[in-house]
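Report on one structure; see the data block that follows.
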């Protein structure tokens, strides 16, 4: 099996743009989140940092036809390509494969609001609705809802024109995107991949849906481990993470160095009866045990704050710590938010960043569960249990 290297990283979140901004924010002794609590009150949100879109999406026409989540993803993909030294390399880009995790696009809230208001006074509501849908939702707007438009925009703007696949399915989609790319490289079915996802949390339509489902945390922001006592809940965050994954031979041939080695990516799912996610996690750990090394590994967690799954994940990780398998735990979702499809790619990117800098991240966990930072990690386990379904795990190791 061929090893997999991470040779390029593109990161955008509420903490900033790029690797230096994220490492500086997260390596503080007690890192603090950036939270918008008034705009969508009573639901806090982690807003994306302001971006100069022209840097990665130079044509205004391209910017205009994209929705915010597509701009986020296309921008972060450009950062990853530039970081890997691939931007403008037409020959390499023409054979670069791409796997994207994406949602279903964004609604035009203004049009929706106008239609709902008009229905209240319309003499013939059915005719009114048909007329407005025909006239107000242009074909271009409808097409913008397709999840594979993110990959399409990346192809157009950055000229990535190898094969392309898009996965839908919230957190597990992000896990699957990286898992499939890793397996293809490891089995010799590909040499270089662009993989990632994007999520725009600053959307009143999605926040409404999540609120109606009882998924959101209300009031002042608190870390994920403290939310279960108050019923639990998500604080969503705008983010995008893209990775350039390569086989070592391909990377060496062009003089590229790895941030980290991606040893394994595993995924599973269950109906979430009590203990089922833990069983999946245990099965994954047994598979990874030969790769864990001889010292406890650090953990980056995608815990969402949702109940009861966050409490179950905490107990699972605590059990691994008692067995001496894991050391410090960092729920980085307390700092960047829940990003659905983008959560796992962002967490893997942040784990690779920590390994490349030879230091782990700080903690401001009032429960003290996360533990002391300790020595520089040699391996980092990324554990990502979706808020509703899906369990993913990745193991990364420092570059030799």
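Numbering (my numbering), first residue to last: 341 to 740.
For each residue, glycine too, the CB sits at the ideal point set by N, CA and C.
Can you name, in chain order, every residue of its own chain whose Cβ lies under 7 Å from the Cβ of residue i, other than the five neighbours on each side?
i	result
residue 564	643, 644, 645, 650, 671, 673, 674
residue 368	702
residue 680	443, 510, 511, 539
residue 453	none
residue 356	362, 365, 389
residue 358	351, 419
residue 712	668
residue 741	This structure cannot speak to residue 741, because the chain is shown only from 341 to 740.
residue 393	403, 411, 415
residue 528	342
residue 590	531, 532
Quick one: residues in its chain with C-beta nearer than 6 Å to the C-beta of residue i, no 5 flanking neighbours on either side, listed in chain order?
i	result
residue 587	342, 525, 531
residue 459	465
residue 397	403, 414, 497
residue 455	472
residue 737	601, 603, 719
residue 423	348, 349
residue 434	501
residue 376	385, 387
residue 409	538, 540
DSSP three-state call for residue i: helix, strand or coil?
i	result
residue 727	coil
residue 589	helix
residue 709	coil
residue 467	helix
residue 556	strand
residue 290	Absent from the model: residue 290. The displayed extent of the chain is 341 to 740, so no value can be given.
residue 527	coil
residue 461	coil
residue 503	coil
residue 617	helix
residue 647	coil
residue 534	strand
residue 543	coil
residue 385	strand
residue 763	The chain is shown only over 341 to 740; residue 763 falls outside these bounds and no answer can be derived.
residue 360	helix
residue 397	coil
residue 656	helix
residue 486	coil
residue 606	strand
residue 580	strand
residue 734	strand
residue 570	helix
residue 374	coil
residue 676	helix
residue 346	strand
Excluding the 5 residues flanking residue i on each side, which residues of the same chain have their C-beta closer than 8 Å to its C-beta?
i	result
residue 739	345, 597, 598, 599, 600, 601, 695, 696
residue 438	491, 494, 495, 500, 502, 503, 504, 505, 533, 534, 535
residue 654	565, 643, 709
residue 488	440, 442, 504, 506
residue 636	661, 664, 665, 666, 667
residue 620	608, 609, 610, 731
Would you grab the beta carbon distance between residue i and residue j for me? Rounded to a whole angstrom, and I think it's under 8 Å.
i	j	result
residue 501	residue 706	Rounded, the Cβ-Cβ distance is 49 Å, inconsistent with contact.
residue 476	residue 440	Contact flag wrong, Cβ pair sits at about 29 Å.
residue 581	residue 557	Contact flag wrong, Cβ pair sits at about 22 Å.
residue 731	residue 608	5 Å
When you compare the CB positions of residue i and residue j, do they come within less than 8 Å of one another, or not?
i	j	result
residue 722	residue 708	no
residue 677	residue 575	yes
residue 657	residue 627	no
residue 371	residue 378	no
residue 584	residue 414	no
residue 310	residue 638	Outside the displayed range of the chain (341 to 740) lies residue 310, so it cannot be described from this structure.
residue 617	residue 652	yes
residue 354	residue 578	yes
residue 554	residue 537	no
residue 543	residue 632	no
residue 385	residue 541	yes
residue 603	residue 349	no
residue 647	residue 383	no
residue 520	residue 684	no
residue 547	residue 380	yes
If you pair each beta-carbon of the region 682 to 693 with each one of the region 656 to 665, do three or more pairs fall below 8 Å? no
Take every Cβ of the region 425 to 435, pair it with every Cβ of the region 445 to 457, and state whether three or more of those distances are shorter than 8 Å. no
Assess, as a yes-or-no matter, whether the region 405 to 422 is touched by the region 588 to 605 under the definition of 3 or more beta carbon pairs within less than 8 Å. no
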